[in-house]
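Remember, the numbering used here sits 89 above the position in the sequence shown when you count from 1.
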Amino acid sequence: MRALQLTGPGTLELREIPIPEIGPAEVLLRVGAAGICHSDSYVLSLPFAMREDPLTMGHEIAGTIEAVGSEVDGLAVGDRGIVYLCWSCGVCRECVRGRENVCLAAGRTAMPPCPGLGPDGGMAEYVAIPANSFVAIGDELDFAEAAPLADAALTPYHAIRGAMDQLQPGATAVAIGIGGLGHVAVQILTAVTPARVIAVDIAQDKLDLAADCGAALGILATDETAARILERTGGRGAEAVFDFVGTDSTAALAVQVVAPDGAYRMVGLGGGVPGIDAGPAGGPGLPWGATVRKSYAGTRSDLAASVELAQRGKVRVEVERFALEEGRTAFERLDRGEIRGRAVLIP
Ligand code: NAD
Ligand code: ZN
Numbered sequence: 090m091r092a093l094q095l096t097g098p099g100t101l102e103l104r105e106i107p108i109p110e111i112g113p114a115e116v117l118l119r120v121g122a123a124g125i126c127h128s129d130s131y132v133l134s135l136p137f138a139m140r141e142d143p144l145t146m147g148h149e150i151a152g153t154i155e156a157v158g159s160e161v162d163g164l165a166v167g168d169r170g171i172v173y174l175c176w177s178c179g180v181c182r183e184c185v186r187g188r189e190n191v192c193l194a195a196g197r198t199a200m201p202p203c204p205g206l207g208p209d210g211g212m213a214e215y216v217a218i219p220a221n222s223f224v225a226i227g228d229e230l231d232f233a234e235a236a237p238l239a240d241a242a243l244t245p246y247h248a249i250r251g252a253m254d255q256l257q258p259g260a261t262a263v264a265i266g267i268g269g270l271g272h273v274a275v276q277i278l279t280a281v282t283p284a285r286v287i288a289v290d291i292a293q294d295k296l297d298l299a300a301d302c303g304a305a306l307g308i309l310a311t312d313e314t315a316a317r318i319l320e321r322t323g324g325r326g327a328e329a330v331f332d333f334v335g336t337d338s339t340a341a342l343a344v345q346v347v348a349p350d351g352a353y354r355m356v357g358l359g360g361g362v363p364g365i366d367a368g369p370a371g372g373p374g375l376p377w378g379a380t381v382r383k384s385y386a387g388t389r390s391d392l393a394a395s396v397e398l399a400q401r402g403k404v405r406v407e408v409e410r411f412a413l414e415e416g417r418t419a420f421e422r423l424d425r426g427e428i429r430g431r432a433v434l435i436p
């Protein structure tokens, strides 16, 4: 089969490899589509290899079950679904509490194994997955639009669910970075909260996408952005700020515009330092009561909720389709900021 593999630091190659064999608790998925996340682009930019042997990338996977392991119950050849990306241990304290996204098996600050970032992922014709990571999507959803739900919907959904106390009628939510995750976040905020959404991006076309997704206002990221958001919120700030970029400048913006008792959620992995200190409030720093959460992926039930929103037409991922052979081009376009919504590979 064909697979898009990371064969060395920064090197992506389309290779012919054997179809994976499945274990008794696994299923073989014939991939219908695989999304390209900015995290994949980050992995590609690393100066070291993720794994010694070539790694098939892709953690946003949709497809059809082709074969079922001997111990798997309840799944059948032909079932359509997507893949829950936290391949958690299922037995640690966090997993049994339904918080599989912060599974302790890999360590306190690590993430659970994720396809395409350790085990082989879905940018290939077939992928072997643990049977319990398969989430059925029914017959209606298109694979290209369903695949990104596995991360570009799951991750914002989880971050938003954790800020529901703040997102009451009259509240303002700010979404920074209207790419794959951000444009879905705007739709989820619109669908499940009464909050008014302000979108921030460096590019006007991304703000136009945010408006199509339900944002009330789009503001270009400049030195004036914080002042404009404070002006639009009566000086109070936004009850929730979701940062899908995570650089120094967006982290600073989040701190400057989050309201007292507000929620600042770090999602983007830009390595930014928000500059939070333990001194008295009153200056330009974090206001009293504000919480900061470093938000990773989401739980299985967050994924089920994300799929349901898509099935009800409340969330629709904007996708640009590419053949597997065009993978490198798709990555380059993502890096240049040229993708509207999510780039999706079709094997
Ligand atoms: P993307 O490339 O599709 O979108 C990024 C968007 O941010 C683009 O629209 C870009 O124009 C905008 N942007 C860039 N710099 C900006 C700035 N200074 N101010 C405002 N907007 C700016 O990326 P994506 O796939 O949506 O991923 C977003 C981030 O989230 C990445 O860092 C990714 O690694 C991370 N991520 C985190 C998790 C998690 O669980 N925490 C999961 C998936 C992705
Ligand atoms: Zn666990």
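C-beta: ideal position from N, C-alpha, C; glycine also.
query, result
"If contact is defined by three or more beta carbon pairs under 8 Å, each pair taking one atom from either stretch, is the segment 116-134 in contact with the segment 224-243?", "yes"
"For Asp294 and Leu174, I'd like the C-alpha separation in whole angstroms.", "30 Å"
"Identify which residue in Gly430, Glu110 and Gly372 has its Cα closest to the Cα of Ala274.", "Gly430"
"What do you get for Gln257, buried or exposed, if any count of 16 or more other CB atoms within 10 angstroms of its CB means buried?", "exposed"
"Three-state secondary structure (DSSP) at Asp240?", "coil"
"At the level of alpha carbons, what is the spacing between Ala394 and Thr311?", "35 Å"
"From Ala315 to Val263, what distance separates their C-alpha atoms?", "11 Å"
"Helix, strand or coil for Gln437 per DSSP?", "Examination of residue 437 is not possible in this model, given that the chain is present from 90 through 436 alone."
"Taking Thr380 as the reference, give the member of Val346, Phe411, Ala399 and Gly360 with the closest Cα.", "Val346"
"Return yes when the Cβ of Val334 is within less than 8 Å of the Cβ of Gly266, no when it is not.", "yes"
"In this structure, how does DSSP classify Gln94 when only helix, strand and coil are distinguished?", "strand"
"Using the rule of at least 16 other Cβ atoms within 10 Å of the residue's Cβ for burial, across every protein chain shown, is Gly426 buried or exposed?", "exposed"
"If we ignore side chains and look at the alpha-carbon of each, how far apart do His247 and Arg140 end up?", "29 Å"
"Where Gly205 and Ala386 are concerned, what is the direct C-alpha to C-alpha distance, given to the nearest angstrom?", "15 Å"
"Just to confirm, does Cys203 get its C-beta within under 7 Å of one of the non-hydrogen atoms of the ligand ZN?", "no"
"For Ser177, count neighbouring Cβ atoms within 10 angstroms of its own Cβ and tell me buried if that reaches 16, exposed if not.", "buried"
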